Amino acid sequence: MSMMRKSKQLDDFLMSNIQVVYMQKKLLKKSDFHELIQLNQWEDIRRFLARFDYSLRGEVTVETIDDLYQDNLAKLEETLFQLNFPDEYLKVLFVKRDIFQKNQGTGYQNLDEKVLAEYSKYAQNGLHPIISSYAKSRIDEFFLNDYFRHSNHQITFKEYAYGNFSRADLDHLESLRLKEGIRWLQHSFYQDVFRDRFHPIELEKRFDNWLIENYQTYRYQTIGLEGIFTYSLEKVYELFNLRLILKSKLYHLPNKEVLERVRTING
Numbered sequence: 028m029s030m031m032r033k034s035k036q037l038d039d040f041l042m043s044n045i046q047v048v049y050m051q052k053k054l055l056k057k058s059d060f061h062e063l064i065q066l067n068q069w070e071d072i073r074r075f076l077a078r079f080d081y082s083l084r085g086e087v088t089v090e091t092i093d094d095l096y097q098d099n100l101a102k103l104e105e106t107l108f109q110l111n112f113p114d115e116y117l118k119v120l121f122v123k124r125d126i127f128q129k130n131q132g133t134g135y136q137n138l139d140e141k142v143l144a145e146y147s148k149y150a151q152n153g154l155h156p157i158i159s160s161y162a163k164s165r166i167d168e169f170f171l172n173d174y175f176r177h178s179n180h181q182i183t184f185k186e187y188a189y190g191n192f193s194r195a196d197l198d199h200l201e202s203l204r205l206k207e208g209i210r211w212l213q214h215s216f217y218q219d220v221f222r223d224r225f226h227p228i229e230l231e232k233r234f235d236n237w238l239i240e241n242y243q244t245y246r247y248q249t250i251g252l253e254g255i256f257t258y259s260l261e262k263v264y265e266l267f268n269l270r271l272i273l274k275s276k277l278y279h280l281p282n283k284e285v286l287e288r289v290r291t292i293n294g
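If you read the sequence shown in our numbering, its first letter stands for residue 28, the second for the next number, and so on.
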């Protein structure tokens with residue numbers, strides 16, 4: 028890469044980071060999600076969404092809520108493309124979505140393996156440390172879900188152990204009963220996920236919150252790609268929370284239950 032081209036790329040990332048810092052300040056805060064959860068009338072909910080440049084169009088159904096989610100994921104991708112965020116880095120955030128879309132109409136056979144195989148490529152290819160670490164965590168999340176989901180704690184697809192657990196680690200974890208397994212995990216790479224009193228039903232939320240917190244050190248960073256990636260991850264979880272809360276309104280779920288599921292973003 029020539030000196031001029033390298034300088035241009037650094038300048039592009041500098042300007043991108045400055046724009047992202049501005050966008051990070053517009054992310055919904057914990058208090059905003061709590062405010063939305065307290066609203067019960069769709070007219071009030073629409074007004075709330077409009078404050079943050081979201082639009083829930085037409086009759087409120089599962090489909091229109093999913094449309095809001097998917098449309099804004101696509102908008103995020105387009106924004107990052109315009110900010111010169113490398114496409115091959117960005118795609119790691121959308122592995123599951125892209126594979127599910129690609130395999131529509133095929134009966135969704137072997138999707139878990141396809142997702143793991145894709146994350147494994149990112150974990151090994153050395154594109155950027157932040158991309159590799161994210162992919163490794165997603166691989167390990169699958170193995171942890173497997174361990175807690177199966178009554179015999181069987182862990183499948185261990186040939187994709189390219190995360191922070193080795194194949195030997197997974198074999199050992201698989202041999203442990205639930206309490207022993209949790210105790211072992213409290214001394215693993217993911218000790219913070221299991222630090223407090225833990226119940227398996229909490230795994231996905233705890234893991235997501237740990238993941239978000241793990242990258243918050245890069246928030247507002249104006250050098251390199253880490254700050255841009257962190258904003259992207261937090262925006263994805265913002266959309267996750269919105270979809271969760273809006274569907275809870277559709278199904279009239281208790282506010283307490285919704286609060287227990289919402290991911291913690293932006294304090």
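For every residue, glycine included, the Cβ atom is placed at its ideal position computed from N, Cα and C.
These figures come from a predicted structure and were not determined experimentally.
1) Taking Arg290 and Asp235 to be in contact with their CB atoms under 8 Å, please state how far apart those CB atoms are, rounded to whole angstroms.
2) Which residue wins for smallest C-alpha separation from Thr91, given the options Leu277, Val285 and Lys283?
3) Compute the Euclidean distance between the alpha carbons of Tyr245 and Val47, then round it to the nearest angstrom.
4) Between Tyr264 and Ile228, is the Cβ-Cβ spacing less than 8 Å?
5) To the nearest angstrom, how far is it from the Cα of Phe60 to the Cα of Thr106?
6) Express the C-alpha separation of Ile158 and Asp114 in angstroms, rounding to a whole number.
7) If you run the structure through DSSP and keep just helix, strand and coil, what is Val220?
8) Quick check on Arg165: buried or exposed, where buried means 16 or more other Cβ atoms within 10 Å of its Cβ?
9) Within a Cβ cutoff of 7 Å, which residues of the same chain sit near Phe221, ignoring the five residues on either side of it in sequence?
10) Using the C-alpha atoms, what's the distance from Asn44 back to Val285?
11) Count the other C-beta atoms from every protein chain shown that fall within 10 angstroms of the C-beta of Phe127, then say buried if there are 16 or more, exposed otherwise.
12) Using 8 Å as the threshold, is the C-beta distance between Asn241 and Glu261 below it?
13) At a Cβ threshold of 8 Å, is Glu140 touching chain B?
Let's see:
1) 5 Å
2) Leu277
3) Roughly 12 Å separates the two Cα atoms.
4) Not a contact, by the Cβ cut-off of 8 Å.
5) 23 Å
6) 12 Å
7) coil
8) buried
9) Ile209, Leu212 and Gln213
10) 33 Å
11) exposed
12) no
13) In the structure shown, chain B cannot be found, because there is only a single protein chain.
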